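Student:
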Amino acid sequence: MTRAIMVAVLLFVMGASLATVASGLNNGLALTPPMGWLSWERFLCNVDCKNDPDNCISEQLYKKMADILVSDGYKDVGYELGFYQIDTETYAGWGVDMLKLDGCYAAPALMDVLYPEVTRALNNTGRDILFSCSWPAYQVDKGQKPDYKSIAQHCNNTAENSPPVEVC
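Numbering (this note's numbering), first residue to last: 234 to 401.
Below, the structure is given as structure tokens:
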């Protein structure tokens with residue numbers, strides 16, 4: 234009897250797993266996982282350069298990365314706020330496929346305004362650029378409840394009222 238119950242539970246779980254639904258934005262972005270450089274994902278908070286010199290955050294790492302960026306022509310990009318259209322057009326011109334925008338030095342209360350401005354600027358470039366929106370993390374960290382409806386409306390919607398696509 235116990236074996237029959239185990240088989241029934243196993244069959245139920247297998248059947249239920251086949252019936253799951255995943256949904257996402259129907260905007261053509263990130264149809265495959267994005268490949269790019271997010272230093273936080275690579276280094277996290279590893280500052281143990283004595284025992285792990287190749288995988289730690291250090292002054293030498295940032296200097297090396299900055300030197301490479303400057304030698305490749307990425308100089309004087311993104312230092313001031315409010316130039317979203319010029320910045321996004323520059324990124325689109327370079328063929329950038331993904332933009333990760335952090336909220337450093339911006340008040341979390343302003344992020345509900347600033348991130349949608351960047352979304353509009355990205356949409357105005359005519360290039361599909363995946364937008365990695367991190368503003369809810371900053372708001373939660375400061376005790377502010379994120380406006381998830383606004384986030385869903387503005388983060389990676391390339392068209393007004395872009396309907397979600399469901400994959401079974």
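Note that the Cβ used here is the ideal one computed from N, Cα and C, for glycine as well. Remember, predicted model here, so these are calculated numbers, not experimental data.
With DSSP as the reference, identify every bridge partner of M331, one or two as the case may be.
Tutor: L363
Student: Who are the Cβ neighbours of Q372 in its own chain at under 6 Å, not counting the five residues just before and after it?
Tutor: Scanning its chain for C-beta atoms nearer than 6 Å, with the 5 sequence neighbours on each side dropped, one finds around Q372 the residues P341, P379, in chain order.
Student: DSSP on N279, reduced to helix/strand/coil?
Tutor: Coil.
Student: Can you grab the Cα-Cα spacing for the pair S304 / A385, in whole Å?
Tutor: 38 Å
Student: Do V351 and Y317 come within 8 Å of each other at the CB atom, strictly closer than that value?
Tutor: yes
Student: Would DSSP call I384 helix, strand or coil?
Tutor: Helix at I384.
Student: When you compare each of M344, Y295, K296, Y307 to G326 by their alpha carbons, which one comes out closest?
Tutor: Y307
Student: Would you mind reading off the limits of the alpha helix (DSSP H) that contains A215?
Tutor: A query on residue 215 cannot be resolved here, the shown segment of the chain reaching from 234 to 401 and no further.
Student: L355 and D330 - do their beta-carbons sit closer together than 8 Å?
Tutor: Against a cut-off of 8 Å, the Cβ pair of L355 and D330 comes out as no contact.
Student: Using 8 Å as the threshold, is the C-beta distance between L262 and N357 below it?
Tutor: no
Student: Using the C-alpha atoms, what's the distance from R353 back to S367?
Tutor: 16 Å
Student: Please classify D374: does DSSP put it in a helix, a strand, or coil?
Tutor: For D374, the secondary structure class from DSSP, reduced to helix, strand or coil, is helix.
Student: Along the chain, where does the alpha helix (DSSP H) that runs through E406 open and close?
Tutor: It is not possible to answer for residue 406, since the shown part of the chain is limited to 234 through 401.
Student: Keeping to the same chain, check which residues put their C-beta closer than 7 Å to that of D285; ignore five residues upstream and five downstream.
Tutor: Excluding positions up to five away in sequence, the list reads N279.
Student: In whole angstroms, what separates the C-alpha of A241 from that of P266?
Tutor: 36 Å
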